[in-house]
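K.L.:
Numbering of the sequence shown is given in numbering that gives the first Met the number 0, commencing with residue 0 and proceeding in unit increments. Glycine included, each C-beta is placed from N, C-alpha and C at the ideal position.
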Amino acid sequence: MSRAIYAVGDTIKLKPNILRRGEATSTCQIIGILPIDHGEAQYRVRLGNETFERRILASEIETREAEVLQPVGKTPSSIRIRK
Numbered sequence: 000m001s002r003a004i005y006a007v008g009d010t011i012k013l014k015p016n017i018l019r020r021g022e023a024t025s026t027c028q029i030i031g032i033l034p035i036d037h038g039e040a041q042y043r044v045r046l047g048n049e050t051f052e053r054r055i056l057a058s059e060i061e062t063r064e065a066e067v068l069q070p071v072g073k074t075p076s077s078i079r080i081r082k
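#1: In whole angstroms, what separates the C-alpha of Ile55 from that of Ser25?
#2: Taking Ile11 and Ile29 to be in contact with their CB atoms under 8 Å, please state how far apart those CB atoms are, rounded to whole angstroms.
#3: Taking DSSP as the reference, what is the three-state secondary structure of Glu59?
#4: For the beta strand (DSSP E) that Asp36 lies in, which residues bound it at each end?
#5: What residues match up with Tyr42 in a beta bridge as DSSP calls it?
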């Protein structure tokens, strides 16, 4: 069962889909946390300058792990082996 891992006020980025094709408006703010439905956390969000709120599922959010695994400006470390 997926539990809520984001809090009210967090800014998140949504995964692109047929309606959101990597637009700049895919960044939104969490307005509320909704009850878990069918084993997945739900959130109420507001995108950019929209005047209405949307309901999204946790699976529609770009994961924080992706940001942590690929930090900006860092190169992966390598192992050097002598011959």
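P.N.:
Reading from the atomic positions:
#1: Between Ile55 and Ser25, the C-alpha separation is close to 12 Å.
#2: Yes, Ile11 and Ile29 are in contact; Cβ-Cβ is about 6 Å, under 8 Å.
#3: Helix at Glu59.
#4: Element bounds for Asp36: Thr26 to Asp36.
#5: Ile32 and Ile55
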